[in-house]
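Just below is one structure, and these are the notes that go with it.
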Amino acid sequence: MYHIKKEVISEIEIKKSKFFGILSPASSIDEAREILSDIRKRYPNATHYCTAMIIGNIQRSNDDGEPSGTAGLPMLECLRHKELDNVVMIVVRYFGGTLLGTGGLVKAYQQSTLSAIALATLTIPVETGQYEITVPYDLISRVENLLQKQAVIIDRQYHEQITFVYQSENDLASQFQEITNGHYAPLYQKTLIVEKEVAQ
300 MYHIKKEVIS
310 EIEIKKSKFF
320 GILSPASSID
330 EAREILSDIR
340 KRYPNATHYC
350 TAMIIGNIQR
360 SNDDGEPSGT
370 AGLPMLECLR
380 HKELDNVVMI
390 VVRYFGGTLL
400 GTGGLVKAYQ
410 QSTLSAIALA
420 TLTIPVETGQ
430 YEITVPYDLI
440 SRVENLLQKQ
450 AVIIDRQYHE
460 QITFVYQSEN
470 DLASQFQEIT
480 NGHYAPLYQK
490 TLIVEKEVAQ
């Protein structure tokens, strides 16, 4: 399942009706409700605020006055199809005076949802380790070069020797053994879950 990095907003217009698609990360139902409340304030006097959310095992949708099954459920199906989790999708509609019919509404809400998803940066939760390695100053460039290619450096501590604190998905022990002639090895600190960006 994919997460999204941050809120994104799409905007489409169909027969003078404006649809604003807001896709936001949400880790709980309460957070999703707060986001909806905020959207109502940011987009006042809209005709409809239709919602769909997937948060863990919870999947909900709401047509907010649109004909049953024409808004929330099509939005939810888009979220399912794209394998999203911990998200709330809100489509705000400002009615333009022309009825779209049930088929037109389904298409409009799907299009608004898919447009927002296309704008999102997707991430996946990845288990990573946090490590530290302490080396003499003459090995800084070799160690730093390795870490910049295969890890994320969190901290550098300068004392009699330099200590690098870093995160990596892979055990770099063999690489450190190689570049330090077997003299230095990383120490495991803890396991973390981090969000890694993925291409759509």
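At the far end of the sequence shown sits residue 499, using my numbering, and the numbering has no gaps. Where is the CB? At the ideal position from N, CA and C, for every residue including glycine. Given the structure is predicted, the values throughout are model-derived calculations rather than measurements.
Euclidean distance between Cα positions of residue i and residue j
{"i": "lysine 495", "j": "isoleucine 423", "result": "5 Å"}
{"i": "lysine 305", "j": "glycine 481", "result": "43 Å"}
{"i": "threonine 427", "j": "aspartate 470", "result": "10 Å"}
{"i": "phenylalanine 394", "j": "methionine 300", "result": "34 Å"}
{"i": "serine 323", "j": "leucine 375", "result": "14 Å"}
{"i": "glutamate 431", "j": "valine 425", "result": "19 Å"}
{"i": "valine 307", "j": "leucine 418", "result": "6 Å"}
{"i": "methionine 388", "j": "glycine 320", "result": "7 Å"}
{"i": "alanine 472", "j": "serine 440", "result": "17 Å"}
{"i": "glutamate 477", "j": "tyrosine 483", "result": "9 Å"}
{"i": "glutamine 447", "j": "valine 390", "result": "41 Å"}
{"i": "alanine 331", "j": "alanine 325", "result": "6 Å"}
{"i": "lysine 340", "j": "phenylalanine 475", "result": "54 Å"}
{"i": "glycine 364", "j": "valine 497", "result": "36 Å"}
{"i": "serine 336", "j": "proline 366", "result": "22 Å"}
Buried/exposed call for residue i, threshold 16 Cβ in 10 Å
{"i": "isoleucine 492", "result": "exposed"}
{"i": "glycine 396", "result": "exposed"}
{"i": "aspartate 329", "result": "exposed"}
{"i": "aspartate 454", "result": "exposed"}
{"i": "glutamine 456", "result": "exposed"}
{"i": "serine 414", "result": "buried"}
{"i": "lysine 399", "result": "Sequence check: residue 399 is leucine here, not lysine. With 16 or more other Cβ atoms within 10 Å, it is buried."}
Member of the options whose CA lies at the smallest distance from the CA of residue i
{"i": "threonine 412", "options": "Arg392, Val451, Asp470", "result": "Arg392"}
{"i": "glutamine 429", "options": "Ala370, Ile478, Gly402, Tyr487", "result": "Tyr487"}
{"i": "aspartate 362", "options": "Phe463, Thr401, Ala325", "result": "Thr401"}
{"i": "threonine 490", "options": "Leu471, Val497, Ser467, Ala484", "result": "Ser467"}
{"i": "glutamine 409", "options": "Ala450, Ile439, Glu310", "result": "Glu310"}
{"i": "isoleucine 353", "options": "Ile478, Val386, Asp329, Pro485", "result": "Val386"}
{"i": "proline 485", "options": "Lys315, Val497, Leu445, Leu421", "result": "Leu445"}
{"i": "isoleucine 461", "options": "Val434, Gly364, Ser367, Leu421", "result": "Val434"}
{"i": "threonine 479", "options": "Tyr348, Lys315, Arg341, Glu443", "result": "Glu443"}
{"i": "histidine 347", "options": "Glu459, Phe475, Ser316, Gln474", "result": "Ser316"}
{"i": "isoleucine 452", "options": "His458, Glu459, Phe463", "result": "Phe463"}
Proximity of residue i and residue j at Cβ, strictly below 7 Å
{"i": "leucine 404", "j": "threonine 350", "result": "no"}
{"i": "leucine 372", "j": "serine 360", "result": "yes"}
{"i": "alanine 450", "j": "tyrosine 436", "result": "no"}
{"i": "lysine 381", "j": "isoleucine 416", "result": "yes"}
{"i": "glutamine 499", "j": "leucine 438", "result": "no"}
{"i": "alanine 407", "j": "isoleucine 303", "result": "no"}
Interface flag, residue i vs chain C, CB-CB below 7 Å
{"i": "glutamine 409", "result": "Given the protein chain composition of this structure (a single chain), no chain C is represented."}
Where residue i falls: helix, strand or coil (DSSP)
{"i": "leucine 471", "result": "coil"}
{"i": "leucine 399", "result": "coil"}
{"i": "alanine 450", "result": "coil"}
{"i": "methionine 300", "result": "coil"}
{"i": "proline 424", "result": "strand"}
{"i": "tyrosine 408", "result": "helix"}
{"i": "asparagine 444", "result": "helix"}
{"i": "glutamine 358", "result": "strand"}
{"i": "proline 343", "result": "coil"}
{"i": "tyrosine 465", "result": "strand"}
Residue i CB to nearest heavy atom of the ligand GTP below 6 Å
{"i": "alanine 498", "result": "This structure does not include the ligand GTP; it has no bound ligands of any sort."}
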